[in-house]
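> Starting off with a structure, shown below.
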Amino acid sequence: MKRIYYLLTLLLLASAPAMLTSCDSDDPYDDPWYDDWRDDNGYDDQTPVEIAMAQTLNGSWTGTVTNEYTEGGKRVQTTCYVDYSFVQYTASSSNGNGYETDYVPATDDAGKPVTDGNGNIVYNKQTLPFTWSIDSRSYCINLQYTDSGMRYVINTDHDFFLGWDDTDKGSFFEATMEGVNNDERAIIRCQRVTTSNTPAKDLSAGKTTSVKWTFGKTRAAESISDVPMALHRH
3 MKRIYYLLTL LLLASAPAML TSCDSDDPYD DPWYDDWRDD NGYDDQTPVE
53 IAMAQTLNGS WTGTVTNEYT EGGKRVQTTC YVDYSFVQYT ASSSNGNGYE
103 TDYVPATDDA GKPVTDGNGN IVYNKQTLPF TWSIDSRSYC INLQYTDSGM
153 RYVINTDHDF FLGWDDTDKG SFFEATMEGV NNDERAIIRC QRVTTSNTPA
203 KDLSAGKTTS VKWTFGKTRA AESISDVPMA LHRH
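Quick note: the sequence shown uses the numbering used here, first residue 3, plus one each step.
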């Protein structure tokens with residue numbers, strides 16, 4: 003279970019639940035607050051926490067992703083630089099679309115980096131579109147890649163951090179993405195490169211205010227070392 007840490011004094015989620023349910027739980031949402039809030043605000047499925055998380059995720063992120071998958075009957079890991087873009091369908095949506103762009107330095111037959119005429123490193127890259135949604139009861143993040151149909155889930159109960167760290171050095175997205183209809187996993191370590199322009203809403207009072215939300219526990223994404231760089235298609 004995870005706590006939501008408040009970095010600013012806000013009224014946004016004053017009545018929101020502080021503890022979230024497990025991603026693999028089928029138990030009903032047993033907090034009566036949820037039904038009361040839904041009835042008062044005219045929402046069928048979404049919660050203030052869910053919308054605030056989506057607004058925090060919305061935007062562009064850059065960093066690395068390490069993929070683990072089976073190749074030739076063996077489990078292998080590869081890593082690459084990555085840019086993620088998450089786009090909400092609307093400012094109050096808990097789902098949307100986006101794309102992942104992976105890139106690694108191009109190398110010649112001798113394994114040396116390839117450069118252009120100006121001495122800049124040339125990169126091989128791929129762009130993978132996906133759709134995403136936040137589960138209204140577990141708050142797990144679901145992704146489905148458009149071209150391959152491969153589905154993944156990010157369990158926000160562990161190995162997960164989204165938002166501003168306590169040193170106020172920036173906004174980070176660190177998570178482990180587990181395959182749903184496949185046996186793959188990906189470890190994401192990214193920092194925000196765009197400012198979220200959508201203010202989070204105080205849904206109980208009908209107001210808006212700028213916020214710096216943090217979801218998850220601590221920035222403790224799995225440490226990666228000695229992993230070869232290569233592109234891997236989801």
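Note that beta-carbon positions come from the ideal geometry of N, C-alpha and C, so glycine has one too.
#1: Comparing C-alpha positions only, which one of Ala188, Trp134 and Trp215 sits nearest to Val78?
#2: For a minimum of 4 consecutive residues, which ranges assigned as the alpha helix (DSSP H) are wholly contained in the region 72–123?
#3: With DSSP run on the structure shown, which of helix, strand or coil describes Glu186?
#4: If I measure Cβ to Cβ from Met179 and keep anything under 6 Å in the same chain, skipping five residues before and after, which residues do I get?
#5: Just reading off the beta strand (DSSP E) that Pro131 is part of, what are its end residues?
#6: Span of the alpha helix (DSSP H) holding Ala56?
#7: Per the contact definition of three or more C-beta pairs closer than 8 Å, is the region 92–101 in contact with the region 160–176?
#8: Express the C-alpha separation of Gln57 and Gly98 in angstroms, rounding to a whole number.
#9: With a 10 Å radius around its C-beta and 16 neighbouring C-beta atoms as the bar for buried, classify Thr109 as buried or exposed.
#10: By Cβ distance, which residues of its chain are closer than 6 Å to Asn183, with the 5 residues on each side in sequence left out?
#11: Which value, in whole angstroms, describes the spacing of the CA atoms of Thr23 and Tyr141?
#12: List the DSSP bridge partners of Thr158.
#13: Using the Cα positions of Ala177 and Asp161, report the straight-line distance between them to the nearest angstrom.
#14: Decide if Met194 is buried, meaning its Cβ has at least 16 other Cβ atoms within 10 Å, or exposed.
#15: Could you spell out the range, first to last residue, of the beta strand (DSSP E) harbouring Tyr147?
#16: So, using beta-carbon positions, are Val1 and Met231 closer together than 7 Å?
#17: Based on Cα-Cα distance, which residue from Gly75, Gly65 and Tyr101 lies nearest to Asp185?
#18: Using a 10 Å radius around the Cβ and a threshold of 16 neighbouring Cβ atoms, would you call Asn144 buried or exposed?
#19: Can you tell me the Cα-Cα spacing of Thr103 and Thr129, whole angstroms?
#20: Report the rounded CA-to-CA distance for Phe132 versus Arg235, giving the unit in angstroms.
#21: Among Ala112, Tyr86, Gly181 and Phe217, which has the Cα closest to the Cα of Ser150?
Quick answer:
#1: Among Ala188, Trp134 and Trp215, the Cα nearest to that of Val78 belongs to Ala188.
#2: The region 72–123 contains no whole alpha helix (DSSP H) run of 4 or more residues.
#3: If DSSP states are grouped into helix, strand and coil, Glu186 belongs with coil.
#4: Excluding the 5 residues flanking it on each side, Met179 has same chain C-beta neighbours closer than 6 Å at Tyr154, Ile156 and Ala188, in chain order.
#5: In the DSSP assignment, Pro131 falls within the unbroken beta strand (DSSP E) covering Tyr125 to Ile136.
#6: Where Ala56 is concerned, the enclosing alpha helix (DSSP H) stretches over Pro50 to Leu59.
#7: In short, these stretches do not touch, since the Cβ pair count stays below three.
#8: Approximately 11 Å, taken between the alpha carbons.
#9: Classification for Thr109: exposed.
#10: Excluding sequence neighbours, Asn183 sits near Arg153.
#11: Confidence is the limiting factor: at Thr23 the pLDDT is only 44, short of 50, which leaves the residue's position unreliable, though a coordinate-based value still follows. Roughly 8 Å separates the two Cα atoms.
#12: Thr158 is not bridged to any residue.
#13: Near 6 Å, if we compare the C-alpha coordinates of Asp161 and Ala177.
#14: According to the sequence provided, residue 194 is Arg. The question's Met does not apply to it. Result: buried.
#15: Where Tyr147 is concerned, the enclosing beta strand (DSSP E) stretches over Ile143 to Tyr147.
#16: It is not possible to answer for residue 1, since the shown part of the chain is limited to 3 through 236.
#17: Among Gly75, Gly65 and Tyr101, the Cα nearest to that of Asp185 belongs to Gly75.
#18: Classification of Asn144: buried, given that the 10 Å Cβ count is 16 or more.
#19: Thr103 and Thr129 have their alpha carbons spaced roughly 4 Å apart.
#20: Their backbone Cα atoms lie some 12 Å apart in a straight line.
#21: Ranked by Cα distance from Ser150, the first of Ala112, Tyr86, Gly181 and Phe217 is Gly181.
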